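**Q**
There are 2 protein chains.
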Amino acid sequence: MATSPGKTETPLAGRRAQAARNDEVILEAARGVFLDDPKAPIAAVAERAGVGISALYRRYAGKEDLLRQLCHDGLRRYIAEAETALAVSDDWAAFAGFLARVVDADVHSLTVHLAGTFAPTEEMGRDAMRANELATALFERARASGRLRPDVVVQDLGLLLEACAAVRVPDSERTGQLRRRQLAVLLAGLSAAPDTDPLPGPPPAAGEFDWRWRRRE
Amino acid sequence: MATSPGKTETPLAGRRAQAARNDEVILEAARGVFLDDPKAPIAAVAERAGVGISALYRRYAGKEDLLRQLCHDGLRRYIAEAETALAVSDDWAAFAGFLARVVDADVHSLTVHLAGTFAPTEEMGRDAMRANELATALFERARASGRLRPDVVVQDLGLLLEACAAVRVPDSERTGQLRRRQLAVLLAGLSAAPDTDPLPGPPPAAGEFDWRWRRRE
DNA sequence: GCAGACCGGAACGATCCGTTCCACTGTTAG
DNA sequence: CTAACAGTGGAACGGATCGTTCCGGTCTGC
């Protein structure tokens, strides 16, 4: 809507423009709120966005709709970062950079932690598969670079991301710093070292984390 | 029931014995339930224990009381494990063994994740300080063994435990295995390696995680 | 000017949950 | 033997929370 009304060229005026801006404001507020607490009330989103509840319900059929949108956006971000990384020539740098950007953007909280709170669409299913393929490709390249210890598997990335997302302090900037630190420790731990013991237990298997996508609560 | 109780020597008869057994059953159920979800309803505990709600309220003044007890128990367990570890002569083995046992017992979920849901007692405050001292002692010994990279600090243990506690799959035994794996990766990451980059950002500081103990929600 | 897009926020109804209450039952002291 | 009673199960209650709806008001684009 609002694509060609002779005058809406200027970005800042009119009711239409205000509404269009609200689209973004609301999404950003929702991201902030649900990142912090996946089961926050929808009123918290409205408050944070500085709008009324109606402004939300005008855009989304219900809470589930909003959550789905948010999660899907996260998934797309994940895919985009992976594609960007795949264009990097240095195998290890591509891998490490990808993880750093995914951790920085808190994509994990946006996807995995929100999953199960809504009915996923088929498109999300396809995107999730594609995300897996891309991550696997990045992982294989990292492995080929020889800097990974031989007994890690792609699924270890799930544990790694979970570990980073679990770091949480009140100040969000500081949270980012600490997550980077955690990531560095984990990457060091996944790196090939001549004399370390092999990792214990059966490695995480494909599909072992799929339960998160099933309806919860 | 009603096995002629010549005396209450036999551990299995009588109302009194049943009640005494319930003490333990209830605590165990509560541990299981609140470990899984810190804000689970109290009725879930009763159900899991196979008792009525009254049996709970007969023992604890309210939910907060139960939570406090559980958390304090976890803290004591932490202290006990640390003391056991300090008796081990090999510095690194003491350190690694301590962490493994703390992770296995899920002490972190019992303490940190429950903190903030109740008003802590002064004794808990003292115990928390003691726990910190013991952990620091273990950490210093580990550092003295030369197997730790120089830029890690005691507070990194908080991140490490959080990372392990964040690993969660429906099957609890499997969860334990995966946590051990995560722990192994993290310990490898914290180990001294000749050519690694220093860890990024300011290291976690003392008191930076104290906010968890302040009242939440 | 006026139809209607857009919005704020009160109101509503459905849950959920902690706690209380009461009827019941087996135990045990006397 | 029996009268208290500790111990219990679970229904009932009251308060809180939250998703959603609804209505009255405002401003805009035509």
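Residue numbers (numbering that gives the first Met the number 0), protein chains in the order written: chain F, 0 to 216; chain Y, 0 to 216.
All C-beta atoms in this analysis are idealised placements derived from N, C-alpha and C, irrespective of residue type, glycine included.
Since the structure is predicted, the reported quantities are computational estimates derived from the model, not experimental observations.
Taking a Cβ distance cut-off of 9 Å, strictly less, list which residues of the segment 23-42 of chain Y are near chain F, in chain order.
**A** none
**Q** Determine, using beta carbons only, whether F:VAL152 comes closer than 7 Å to chain Y.
**A** Counted from its first residue, the first sequence places residue 152 of chain F at position 153. No, its Cβ sits nowhere closer than 7 Å to a Cβ of chain Y.
**Q** Which partner residues of Y:LEU147 appear in the DSSP bridge assignment?
**A** Counting from one through the second sequence, the residue named residue 147 of chain Y turns up at place 148. According to DSSP, which records beta bridges pairwise, Y:LEU147 is partnered with Y:SER190.
**Q** Kindly say whether Y:VAL184, judged by its beta-carbon, lies nearer than 7 Å to any beta-carbon of chain F.
**A** To locate residue 184 of chain Y, count along the second sequence from 1; it is residue 185. So, interface residue.
**Q** With a cut-off of 7 Å, does the C-beta of Y:ALA141 fall near any C-beta of chain F?
**A** Mapped onto the second sequence, residue 141 of chain Y falls at position 142. Output row for Y:ALA141: interface = no.
**Q** Alpha carbon to alpha carbon, what distance is there between F:PRO202 and F:LEU177?
**A** Walking along the first sequence from the start, residue 177 of chain F turns up at place 178. Walking along the first sequence from the start, residue 202 of chain F turns up at place 203. One C-alpha to the other measures close to 26 Å.
**Q** Pick from F:ARG30, F:ASP64, F:VAL24: whose alpha carbon is nearest that of F:ALA118?
**A** Within the first sequence, residue 118 of chain F is the residue found at index 119, counting from 1. With distances taken between Cα atoms, F:ALA118 lies closest to F:ASP64.
**Q** Hey, is Y:TRP210's beta-carbon within less than 7 Å of any beta-carbon in chain F?
**A** Numbered from its first residue, the second sequence carries residue 210 of chain Y at position 211. Under the Cβ distance rule, Y:TRP210 counts among the residues neighbouring chain F, one pair being separated by less than 7 Å.
**Q** Residues in the same chain with beta-carbon distance under 6 Å from F:LYS62, minus the five sequence neighbours each way, listed in chain order, please.
**A** Mapped onto the first sequence, residue 62 of chain F falls at position 63. Excluding positions up to five away in sequence, the list reads ILE41.
**Q** May I have the straight-line CA-CA distance separating Y:LEU85 from Y:GLY96, to the nearest angstrom?
**A** Position 86 of the second sequence, counted from the first residue, corresponds to residue 85 of chain Y. Position 97 of the second sequence, counted from the first residue, corresponds to residue 96 of chain Y. If you take the alpha carbons of Y:LEU85 and Y:GLY96, they lie about 10 Å apart.
**Q** Counting only C-beta atoms, is Y:THR195 closer than 7 Å to chain F at any point?
**A** Locating residue 195 of chain Y in the second sequence gives position 196, counting from the first residue. So, interface residue.
**Q** Between which residues of its own chain and F:HIS107 is the CB-CB distance below 6 Å, once the five residues before and five after are set aside?
**A** Locating residue 107 of chain F in the first sequence gives position 108, where the first residue counts as 1. Counting only Cβ-Cβ distances below 6 Å, and skipping sequence neighbours, we find LEU160, ALA164.
**Q** Is there at least one non-hydrogen atom of the ligand NAD closer than 6 Å to the beta-carbon of F:PRO199?
**A** The ligand NAD is not part of the structure shown, which contains no ligands of any sort.
**Q** So with CB distances below 8 Å, who are the chain F contacts of Y:PRO169?
**A** Translated into the one-based positions of the second sequence, residue 169 of chain Y becomes position 170. When 8 Å is used as the limit between beta carbons, Y:PRO169 is near these residues of chain F: TRP210, in chain order.
**Q** Report all residues from its chain with a CB closer than 7 Å to the CB of F:LEU74; omit the five preceding and five following residues, and keep chain order.
**A** Locating residue 74 of chain F in the first sequence gives position 75, counting from the first residue. THR110, MET123, ASP126, ALA127, ALA130.
**Q** So, with DSSP's three-state summary, where would you put F:SER88?
**A** Position 89 of the first sequence, counted from the start, is the residue given in the question as residue 88 of chain F. Here F:SER88 sits in coil by DSSP.
**Q** Enumerate, from N- to C-terminal direction, the unbroken alpha helix (DSSP H) stretches of 4 or more residues contained entirely within the segment 20-58 of chain F.
**A** For the segment 20-58 of chain F, whole alpha helix (DSSP H) runs of length 4 or above, ordered along the chain, are 41-48, 52-56.
**Q** Within a Cβ cutoff of 6 Å, which residues of the same chain sit near F:SER144, ignoring the five residues on either side of it in sequence?
**A** Residue numbering aside, residue 144 of chain F sits at position 145 when the first sequence is read from its first letter. Taken in chain order, the residues that qualify are ASP90, TRP91.
**Q** Could you tell me if F:GLU80 is buried or exposed, where buried requires 16 or more neighbouring beta carbons within 10 angstroms of its beta carbon?
**A** Translated into positions along the first sequence, residue 80 of chain F becomes position 81. Result: buried.
**Q** Would you decide whether Y:SER171 is buried or exposed? Buried here means 16 or more other CB atoms lie within 10 Å of its CB.
**A** Here the question's residue 171 of chain Y lines up with position 172 in the second sequence. Result: exposed.
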